[in-house]
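Structure first, commentary second.
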Amino acid sequence: MAHYQRAGSIPAKRHTQHRDADGKLYYEELMGEEGFSSDSSLLYHRHVPSAVVGARIWQLPDQATEANQPLLPRHLKLHALFEGEEWKSCDAVRDRRLVLGNADVRINYVVAGTASPLYRNATGDECVYVEAGTGAVETVFGDLEVGPGDYVIIPRATTHRWVPAGDGPLRLYAIEANSHIAPPKRYLSRYGQFLEHAPYCERDLRTPNAPQSVEGENVEVYIKHRGDGPAGLAGTVYVVPHHPFDVVGWDGCLYPYAFNIADFEPITGRVHQPPPVHQVFEGANFVICNFVPRKVDYHPLAVPVPYYHANVDSDEVMFYVGGDYEARKGSGINVGSVSLHPGGHSHGPQPSAIEASLGAERFDELAVMVDTFRPLGLGEAGRVCDDGVYAWTWARKS
């Protein structure tokens, strides 16, 4: 994210001495991508950031996937995954449940009511969509206050934790990449500035508050990293001698940030626009799009709902988070649903939705879409919340 930021106390020149009021040297850490060849930030710690005094295995939640065979579109009811009061003892890290995944991206869902442990994903960036609830993402860079509709982008290996606030649960749709996640390249100049045609810009991004200084000894940090488990993952818990939130200042172009879906400016036209106009982020072999409330096509003969389309190169995953999704009326899909339309299956609106949409001037719908360029397998959570009948809904006469 090539948008320079600075916070707290930093020296006038990088890689030079920086001392506290008593003359003690701060410890400079460079956090960077692609082997010193891409975005980075410099953080100044009160304690040695590499120090570890203990380690043990963290048994990750089930990361195994099963192939989508026979090849079927599916309707997954995420709100059925955390029923009753169980969410009150769940946290946003250890209680994530895998819905769908492949070698490039894993889509998880969790409903959290308690603070998570400190956590670091060393396999890739995370894009976490806040479906409902409020809270804070406390990070080594500083804190982000988050609420409904926020995307939270957390760079790989950022130490952070999720802290719910209020009486209600924090519902999170966590997209974990095995790569970095960034705005689409076509939205950016060659120097990284958002261009005029982009549907959002730097002003819409919320960066962390000033870094906090937290005291603590023998603190646990949960780490997800490469290993020989399912999906090539493993987990470790470090015990570090001092709390990792000890940064007095930082600067650079790599940091966590939040972007609210309400700040996405939809692109519309006289006839139906293709999904790329809804794109918000991209990673290696996948993209993230969102469908927001908007005016729809204004050609006098326009058909506002999507035309039928075959996913030749991708699997399409749609998470319905608000409004009234016109194209899916009659399918059973509602808020909290995920639809999976796999590559090789031609899909589109329910038949009755086409005529019903004619003459519409506005759609009041809110959805987050992930398109992947390798097939997705069903995770443990995806298998148990599949409605089992969605594939047959286009054949109904209604």
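Numbers given in our numbering equal positions in the sequence shown, counted from 1, plus 56.
Glycine residues also receive a C-beta, built at the ideal position from the N, C-alpha and C atoms.
Remember, predicted model here, so these are calculated numbers, not experimental data.
Item                                                                                                                  : Value
Complete beta strand (DSSP E) runs within the region 352–436 (minimum length 3 residues, chain order)                 : 371–379, 393–397, 421–428
Beta-carbon proximity check, T121 vs G435, cutoff 9 Å                                                                 : yes
Neighbourhood of S245 by C-beta distance below 7 Å, restricted to the same chain and skipping five residues each side : L251
Whole alpha helix (DSSP H) elements within the region 286–362, 4-residue minimum                                      : none
DSSP-derived helix/strand/coil call for Y278                                                                          : strand
Start-to-end residues for the beta strand (DSSP E) that takes in T195                                                 : 190–195
Beta-bridge pairing of F250 - partner residues as DSSP gives them                                                     : L244
Cα-Cα separation, A148 to N164                                                                                        : 10 Å
Counted within 10 angstroms of its Cβ, other Cβ atoms place Y278 as buried (16 or more) or exposed                    : buried
Residues that Y83 bridges to, as DSSP identifies them                                                                 : H101
Of the residues I209, N177, W218, the one placed nearest V167, counting alpha carbons only                            : W218
Exposure label - N124; buried when at least 16 CB within 10 Å                                                         : buried
Cβ pair I231, V391 closer than 9 Å                                                                                    : no
Reduced DSSP category for V202 - H, G, I as helix; E, B as strand; rest coil                                          : strand
Extent of the continuous beta strand (DSSP E) run through N265                                                        : Where N265 is concerned, there is no enclosing beta strand (DSSP E), given that its DSSP letter is neither H nor E.
For K69, three-class secondary structure by DSSP                                                                      : coil
Residue burial classification, H355 (beta-carbon count within 10 angstroms, cutoff 16)                                : exposed
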